[in-house]
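Numbering (our numbering), first residue to last: 10 to 826.
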Amino acid sequence: MSVKKKMFSKFSSILQHAVDALAPPMSLQEEFVAHWKAVTSYFCDNKGEKVPVEQTNIPAHLEQMLILLQEEEDSQVERGMYGPCLEYLLQHKLLETLYSLARTDYPPGMKQTVLAFFTRLLSRIKQPLLPHINVHRAVHRLVKVCGEVKAAPTEVQEIQYLCTICAKIKMDPYLVNFFLEMPKSQVSESASSSTPKQPVSSVVASLEQRLKQDFGLVTALLSLSNSADSRVAVKACEGLLLCSSFPDQIAAHCLVHNTAFCSEFTSRLVRTFKQLPDVVNPVDIENLEVKWGMDVITLSEDQQTFHGKRHLVSFLSWLDYCDQLISLANPVVGEALAISIHKDFMVTTLQPALLQLSESGAISAVVYVTKILRMICSDQLLKEFSKFLLGEDRCLEKPDGDTHVIRSRLIDRCNHLSEDVCLVTLKLFETLVLKGDEHSIHNLVLRNLIGRNYYNNNSQDDLISSLGESSKEITKETNSYNVKGEYQSTVSKETGSPNVEDLKESEQIESNVNKEKYSSTKNDAHRDTKESEETESSDSGRCSNDTNENSSAGLKENIQSESNSELQVSKYNVSSQCIEVEHSNDVSQENNASSATETENDSDLPLSSNHSRTEVHKIVNSFLSILPEELKSSYQTVESGYDMYLRDAHKQYVGMAAVCARWGYPKEPCIIEGYESETFYEGAFLRVLLDKLSHLMDQSYAVNLQLTSVISKLALVPHPNLHEFLLDPFLPWKEGVRTLFSIFQKISQDINCQLETEPDLGQKLIAARKKLMGVSQNLHRMEGQNRLEAIIIIEEFCKELSAIAFVKHHAAVTSDI
Numbered sequence: 010m011s012v013k014k015k016m017f018s019k020f021s022s023i024l025q026h027a028v029d030a031l032a033p034p035m036s037l038q039e040e041f042v043a044h045w046k047a048v049t050s051y052f053c054d055n056k057g058e059k060v061p062v063e064q065t066n067i068p069a070h071l072e073q074m075l076i077l078l079q080e081e082e083d084s085q086v087e088r089g090m091y092g093p094c095l096e097y098l099l100q101h102k103l104l105e106t107l108y109s110l111a112r113t114d115y116p117p118g119m120k121q122t123v124l125a126f127f128t129r130l131l132s133r134i135k136q137p138l139l140p141h142i143n144v145h146r147a148v149h150r151l152v153k154v155c156g157e158v159k160a161a162p163t164e165v166q167e168i169q170y171l172c173t174i175c176a177k178i179k180m181d182p183y184l185v186n187f188f189l190e191m192p193k194s195q196v197s198e199s200a201s202s203s204t205p206k207q208p209v210s211s212v213v214a215s216l217e218q219r220l221k222q223d224f225g226l227v228t229a230l231l232s233l234s235n236s237a238d239s240r241v242a243v244k245a246c247e248g249l250l251l252c253s254s255f256p257d258q259i260a261a262h263c264l265v266h267n268t269a270f271c272s273e274f275t276s277r278l279v280r281t282f283k284q285l286p287d288v289v290n291p292v293d294i295e296n297l298e299v300k301w302g303m304d305v306i307t308l309s310e311d312q313q314t315f316h317g318k319r320h321l322v323s324f325l326s327w328l329d330y331c332d333q334l335i336s337l338a339n340p341v342v343g344e345a346l347a348i349s350i351h352k353d354f355m356v357t358t359l360q361p362a363l364l365q366l367s368e369s370g371a372i373s374a375v376v377y378v379t380k381i382l383r384m385i386c387s388d389q390l391l392k393e394f395s396k397f398l399l400g401e402d403r404c405l406e407k408p409d410g411d412t413h414v415i416r417s418r419l420i421d422r423c424n425h426l427s428e429d430v431c432l433v434t435l436k437l438f439e440t441l442v443l444k445g446d447e448h449s450i451h452n453l454v455l456r457n458l459i460g461r462n463y464y465n466n467n468s469q470d471d472l473i474s475s476l477g478e479s480s481k482e483i484t485k486e487t488n489s490y491n492v493k494g495e496y497q498s499t500v501s502k503e504t505g506s507p508n509v510e511d512l513k514e515s516e517q518i519e520s521n522v523n524k525e526k527y528s529s530t531k532n533d534a535h536r537d538t539k540e541s542e543e544t545e546s547s548d549s550g551r552c553s554n555d556t557n558e559n560s561s562a563g564l565k566e567n568i569q570s571e572s573n574s575e576l577q578v579s580k581y582n583v584s585s586q587c588i589e590v591e592h593s594n595d596v597s598q599e600n601n602a603s604s605a606t607e608t609e610n611d612s613d614l615p616l617s618s619n620h621s622r623t624e625v626h627k628i629v630n631s632f633l634s635i636l637p638e639e640l641k642s643s644y645q646t647v648e649s650g651y652d653m654y655l656r657d658a659h660k661q662y663v664g665m666a667a668v669c670a671r672w673g674y675p676k677e678p679c680i681i682e683g684y685e686s687e688t689f690y691e692g693a694f695l696r697v698l699l700d701k702l703s704h705l706m707d708q709s710y711a712v713n714l715q716l717t718s719v720i721s722k723l724a725l726v727p728h729p730n731l732h733e734f735l736l737d738p739f740l741p742w743k744e745g746v747r748t749l750f751s752i753f754q755k756i757s758q759d760i761n762c763q764l765e766t767e768p769d770l771g772q773k774l775i776a777a778r779k780k781l782m783g784v785s786q787n788l789h790r791m792e793g794q795n796r797l798e799a800i801i802i803i804e805e806f807c808k809e810l811s812a813i814a815f816v817k818h819h820a821a822v823t824s825d826i
């Protein structure tokens with residue numbers, strides 16, 4: 010019987026073709042209707058049969074209908090007008106009928122065919138179809154059947170259909186309202202409570218109802234994002250990326266609160282993180298480059314590289330996707346997802362891993378967090394990680410007052426007995442500083458420095474008085490610091506930045522004050538230098554020409570000439586510009602203070618508390634002269650490499666300044682109201698860094714290298730208070746304040762004592778440097794090699810700090826021109 014039917018069907022088809030050939034040509038509408046009737050007639054003539062749709066003429070007829078619609082659209086003279094074929098499709102609700110056929114999937118495979126038809130219709134027809142009720146209603150209904158069955162054979166067609174809709178909405182964001190609908194329970198409740206309301210209350214109620222709408226498009230995409238087919242999963246994630254970026258606030262609210270969007274993303278992060286290996290090699294993690302969508306790692310590759318690479322790539326690629334989505338999403342969506350990751354991933358999963366007592370487990374957790382921070386680019390997610398690691402406290406820090414468990418534990422681990430724990434923790438803090446997050450830098454260091462409590466206001470050698478702005482006592486202005494951590498544009502007069510009233514003072518008073526202050530400054534500085542030599546206190550870093558006279562005059566000339574010659578080799582040509590500025594300022598000072606030139610010269614002037622244009626060479630020379638000349642092993646090798654430090658400092662500072670530009674840091678050192686204190690406490694983080702720096706000679710080369718790297722990154726931060734605390738040796742400090750320079754001086758004294766007992770120390774340093782460079786043939790470890798390597802690090806670190814000071818000085822000069 011079936012054979013007869015097939016023969017009859019073929020005969021009918023041949024007869025139809027013959028009739029079509031002999032009959033006169035039909036219009037587009039007639040041909041369109043004929044194809045549609047051919048589709049519907051199949052269901053009337055073949056009831057109960059389960060022949061696959063591929064073996065029928067349905068796909069061919071539907072394809073011909075699409076071709077006719079395109080021909081009709083192309084032949085129309087007036088754009089925006091519906092042709093007769095399209096009018097027929099809309100009036101007779103053809104899409105509704107096709108949706109019903111797809112829902113039943115009869116004949117088998119009909120769902121795939123209908124999905125392909127809808128996709129081609131929306132993508133090929135240029136006229137706006139979705140606003141029509143008979144289109145978007147059927148389209149939305151078909152959306153809700155997508156993703157219902159896991160690993161369904163229609164996944165490819167489903168994701169193509171959903172992504173086409175997302176692209177259409179992206180082009181016209183208002184269309185998203187057609188894909189939001191009230192849940193059935195809410196519809197029944199609103200229908201039952203149809204009591205008259207006041208106009209205002211009705212508007213509020215309407216808004217509340219709109220916020221409770223379902224977002225079926227996102228639900229379907231979330232289901233397909235878990236597909237075993239990686240291509241389908243990636244396309245679903247792309248669709249979610251588009252949905253999250255829709256500007257409509259109602260849609261964003263519905264996506265966050267009425268779908269499993271945030272919970273799905275966070276749970277996947279937790280699930281992939283828990284699959285990571287407990288013990289890893291930090292080098293393997295650091296060298297791993299991962300991007301979302303390119304995370305296909307085979308089992309053989311996983312075994313050939315390192316154990317757990319496949320799981321690590323899976324976790325990091327999903328993290329990268331979340332980070333990209335937060336960056337591009339509607340702010341409502343981005344913030345909600347970042348908070349969800351903080352609450353359900355960081356607190357529940359990362360915190361126990363970071364606080365565990367197992368040394369190997371703690372190392373792995375810190376390495377993972379460091380890698381996460383390096384990959385993060387979105388501000389919102391970085392902010393949540395910063396709050397998670399350091400807490401939300403922004404007030405002035407007090408000794409033993411840190412209540413945030415993770416912050417306290419991480420800072421303590423910087424001084425851990427285990428070198429591996431110490432190294433990975435220091436790298437974590439270096440990464441935090443490099444990211445340039447305002448809260449991280451404020452929480453770690455700035456909140457303890459913006460009160461300028463380290464500055465000795467009562468010192469007779471006040472550096473600001475040497476500028477002679479006024480004969481009156483200098484008063485302080487305070488900057489207001491808002492809740493966002495942004496600085497207002499008021500500057501303390503202690504910084505030497507003159508205001509309009511200062512400029513109105515007579516030149517005679519200014520000249521007399523300058524002469525008087527310069528004389529008292531020089532005498533007081535001479536007395537302070539003698540006292541510091543007797544007590545060996547940390548105040549030995551004050552500026553005085555007499556202090557330099559205590560050292561060898563020949564050494565001073567050598568250091569200055571070498572530094573000047575090295576500064577001139579900078580490829581970005583900053584030294585020549587700064588020398589010109591310094592020369593012009595020197596000439597200006599000589600002309601304005603001619604009465605004082607008999608007893609004072611430029612080298613006798615005290616250094617100002619900020620990036621002094623005329624005194625930067627003193628800062629540079631002070632760091633370069635920490636070690637005696639005979640212990641500078643770099644001068645005995647191929648080249649000193651100072652130009653390299655200048656180029657690196659310039660590049661790094663430009664990057665850091667660009668990141669921190671939006672935080673509105675002041676240009677001059679300031680005092681922020683609410684952060685002032687009689688005593689100075691540098692904070693737990695700076696304290697542990699200075700403690701470790703003071704033990705430089707007793708630590709390993711790797712720890713010292715990482716320690717100096719963290720400090721140099723802090724020195725690059727363009728905040729004037731942090732700059733002067735780290736890089737200005739000549740500031741009048743309060744008693745007991747430790748600085749980089751004061752610690753270097755104490756270490757230098759120990760090294761000089763060692764030099765007296767070991768005349769061949771210089772040769773040992775050269776041999777140790779060659780060993781570090783890999784050019785030495787001696788494979789045996791030298792006696793006291795840790796101390797030799799520490800001296801080499803001090804020499805190179807001082808070069809790096811002086812280069813940073815010079816580059817920041819040049820940036821301050823050029824920004825004011």
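Yeah, the Cβ is synthetic: ideal placement off N, Cα and C, and Gly gets one too.
Which one of the options has the shortest CA to CA distance from residue i?
i    : options                : result
A371 : S395, A362, S427       : A362
R150 : S634, G225, S239, L382 : G225
A820 : A799, E798, A667       : A667
F188 : P162, T163, K159, R219 : R219
A711 : S253, F734, I802       : I802
N143 : K135, E157, F127, V158 : F127
Y464 : L437, S109, E744       : E744
V629 : L735, L695, V48, L731  : L735
R133 : H704, E80, A724, L764  : E80
W301 : R280, R319, S326       : S326
N795 : T358, K135, A777, F282 : A777
S36  : T49, L636, P93         : P93
E638 : C386, I775, V154, Y690 : I775
S643 : L321, Y108, C807, K283 : C807
Run through DSSP, which three-state label would residue i get?
i    : result
Y170 : helix
D388 : helix
F188 : helix
W301 : coil
F739 : coil
S603 : Note that S603 scores a pLDDT of 36, beneath 50, so its modelled location is shaky and nothing firm can be said.
I459 : coil
F224 : strand
Y51  : helix
Y91  : coil
Which two residues bound the contiguous alpha helix (DSSP H) that contains residue i?
i    : result
T766 : 749 to 766
I335 : 318 to 337
G664 : 651 to 669
V342 : 340 to 350
A108 : In the sequence as displayed, the identity of residue 108 is Tyr instead of Ala. Note, Y108: alpha helix (DSSP H), 103 to 113.
I134 : Careful: I134 lies outside any alpha helix (DSSP H) and carries neither H nor E.
F315 : Per DSSP, F315 belongs to no alpha helix (DSSP H) and is neither H nor E.
Y644 : Unbroken run through Y644: none, as it is neither H nor E.
Among residues of its own chain, excluding the 5 on either side of residue i, which ones have a beta-carbon nearer than 7 Å to its beta-carbon?
i    : result
P286 : H316, G317
I756 : L705, M706, I803
By Cβ distance, which residues of its chain are closer than 6 Å to residue i, with the 5 residues on each side in sequence left out?
i    : result
V816 : A658, H659, Y662
I420 : A693, F694, V697
E571 : Annotation note: pLDDT 38 at E571 (below 50); position unreliable, coordinate value reported separately. Answer for E571: no residue qualifies.
G343 : I335, Q389
Inspect the CB distances between the stretch 286 to 296 and the stretch 247 to 264 and report whether three or more fall short of 8 Å. no
Taking 8 Å as the cut-off, does the stretch 163 to 182 touch the stretch 248 to 257 (at least 3 CB pairs, one atom from each stretch)? yes
Given 8 Å as the limit, is there contact between the stretch 713 to 725 and the stretch 762 to 769, that is, 3 or more CB pairs closer than that? no
Would you call the stretch 166 to 177 in contact with the stretch 117 to 125, where contact means no fewer than 3 C-beta pairs closer than 8 Å? yes
For the structure I just gave you, are there three or more beta carbon pairs, one from the stretch 111 to 121 and one from the stretch 70 to 80, closer than 8 Å? no
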